[in-house]
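The structure appears right after this line, and notes come after that.
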Amino acid sequence: MYADVTSGLGKVPAPVSHDEFRKRQADFCDSLGGKSIAIITNNPTSIRSRDTHYPYRFNSYLHYLTNWDEEKGVAVFYRRGNEWTCRLYVKPRDIAKEIWSGRVLGPEGALEGWPVDETDSRLNLETSMLELMDGADIVYHVTGLDEDVDKIVADFNGDLSDPRVYLDDMRVIKSDSEIELMRYSGELAALTHIEAMRRCKPGMGEWHLQAIIEGCFLYHQSEWAYTSIVGCGDNATILHYTDNKSIMNDGELVLIDAGCEISGYASDITRTFPVNGKFTEAQRAIYELVLKAQLAGIAACQSGSPWSDMHHATSRVLAQGLLDLGILTGTIDDALGDDWNGPYRQFFMHGTGHFLGLDVHDVGGGRQGDGVPERILEPGMVVTVEPGLYFGAWREDIDIDSKWKGIGVRIEDDILITESGPIVLTEKCPKNIQEIESLIGTI
Ligand SMILES: [Mn+2]
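Pasting the structure below:
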């Protein structure tokens, strides 16, 4: 079944080139001040049960700079004479350990195939890092990821600084090769959502759709970028519902928020559709309103515009729609309230989108409304646009007509900002009612 999804899927794009990694390193080092060194560590492993771990996911900053994904890797950037040098510390070869947990490349292997200047064993970390720190005025480092490095850096007497401010500015603008990877990631996720629509029938479990989606990802050598949300009925009104353990009943909507990773680059798609293939009148009214808001949000994704424009665009449409449907009363100004926090927020309580890249909630923007200085959209940025409306029957805090209860709708696409307007990277995933209804339960 998963092979069917490939029809229409292009070839996996080329990986990011070593030249590009080298360019990133140079740009990063150029922004570092004084006599400084920068240390970028990998993520810690995470225990699932006793001696069993969750699948490992590399740190996006380390990957972005070095392409090195093996756990315990540490990159150190330092000046040798006038030249910046990238030294990578890696786990040493150890056959007794490798028999159990897999081959490692060791310093020699890393030097051959990775875009770095020098490699060393992690066993030498302390001695050689102390040497590098000696004479430096500033150490750029993010604590909390690698205990060994944190201990070494704790003894440093100069200034400690955060390298992420520079890296976030770089990561927020995607290169051509990153865009190609993200386009493919969006395409695979789009086709996968279609597969879930085609196989959805009343009486199935939410977990069945999750299995289809995540099976498709895995079949295509991808994996989920975040825990898949498959919520029917009232479960669709829980923003981060991930239990996925309910039976999907005739008459309910199901909301699927699922995306995959290609070479670390995330896609993030949400679709909402009726389990039995036919929207009820109330479901249709809410769906059409959210879709109208989403299209307005996408249209607001213009280079040169403040990032919050799209949030204001979706908010305006949703607030007006809630008034038209009689769910809210008063004027549009009443509904929107001060600072875009009026009564409409009872039913649309999240931001309209986030940046997307190596992290699903990518760096560079914070979240809309959290007080982070406003970004101006530029070509090469990728954002999501994902308005929603949620009328949980379980919500004791809201007073609405019973016909709306149990409806939760979110529609989300991934948008590339270009000089000539927004490009929807996930456009292969249908969202108009007629197209969706014609797909559901057809297999
Ligand atoms: Mn999202």
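Adding 783 to a residue's 1-based position in the sequence shown gives its number in the numbering used here. We put the beta carbon where it would ideally sit given N, CA and C, even for glycine. Please read all numbers here as calculations on a predicted model, not as lab measurements.
When you compare only the Cα positions, how much space is there between Leu964 and Gln1004?
Roughly 13 Å separates the two Cα atoms.
Helix, strand or coil: which one does DSSP assign to Glu1161?
Coil, per DSSP.
Using beta-carbon positions only, say whether Ile823 and Tyr844 come within less than 7 Å of one another.
Taking 7 Å as the Cβ cut-off, Ile823 and Tyr844 qualify as a contacting pair.
Cβ of Glu1169 within 6 Å of any heavy atom in ligand 2?
The model depicted lacks ligand 2 and carries ligand 1 instead.
Tell me, which residues are paired with His976 by DSSP?
According to DSSP, His976 bridges with nothing at all.
Roughly how many whole angstroms lie between the Cα atoms of Leu1105 and Asp933?
Cα to Cα, Leu1105 sits roughly 51 Å from Asp933.
Label Gln1217 either buried or exposed according to how many other C-beta atoms from any shown protein chain fall within 10 Å of its C-beta, with 16 as the threshold for buried.
With fewer than 16 Cβ atoms within 10 Å of its Cβ, Gln1217 is classed as exposed.
May I ask which residues mark the beginning and end of the beta strand (DSSP E) holding Glu866?
Glu866 to Val873 is the extent of the beta strand (DSSP E) around Glu866.
What ranges does the alpha helix (DSSP H) occupy inside the stretch 902–976, keeping only unbroken runs of at least 4 residues that lie completely in it?
Qualifying alpha helix (DSSP H) stretches, in chain order: 908–916, 930–937 and 947–954.
CB-CB under 8 Å to Leu908, same chain, minus the five flanking residues each way: which ones, in chain order?
Result list for Leu908: Val857, Tyr872, Asp931, Val932 and Ile935, in chain order.
Which residues share a DSSP beta bridge with Pro1089?
For Pro1089, which the question treats as bridged, DSSP gives the partners Ile1159.
Along the beta strand (DSSP E) that carries Arg862, what are the first and last residues, could you check?
Residues Val857 to Arg863.
Shorter than 6 Å, the distance from the beta carbon of Asp1051 to the closest heavy atom of ligand 1, or not?
Within the cutoff, so yes.
With which residues is Trp985 paired in a DSSP beta bridge?
A quick correction: the sequence has Pro, not Trp, at residue 985. DSSP output for Pro985 lists no bridge partner at all.
Along the beta strand (DSSP E) that carries Phe1056, what are the first and last residues, could you check?
Residues Ile1052 to Pro1057.
Specify, as a first and last residue, the run of the beta strand (DSSP E) that Ser1185 falls within.
Premise fails: Ser1185 is in no beta strand (DSSP E) and is neither H nor E.
Report the start-end ranges of each alpha helix (DSSP H) in the stretch 799–864 that is 4 residues or longer and not cut off at the edges.
DSSP runs (the alpha helix (DSSP H)) wholly in the stretch 799–864: 801–814 and 843–849.
Considering only residues of the same chain and omitting the five flanking positions on each side of Ala1083, which have a CB-CB separation below 6 Å?
Once the five neighbours on either side are set aside, the close Cβ partners of Ala1083 are Asp1092, Met1093 and Ala1096.
Run through the DSSP bridge pairs and tell me what Trp1007 is partnered with.
Looking at the DSSP assignment, Trp1007 forms a beta bridge with Cys1043.
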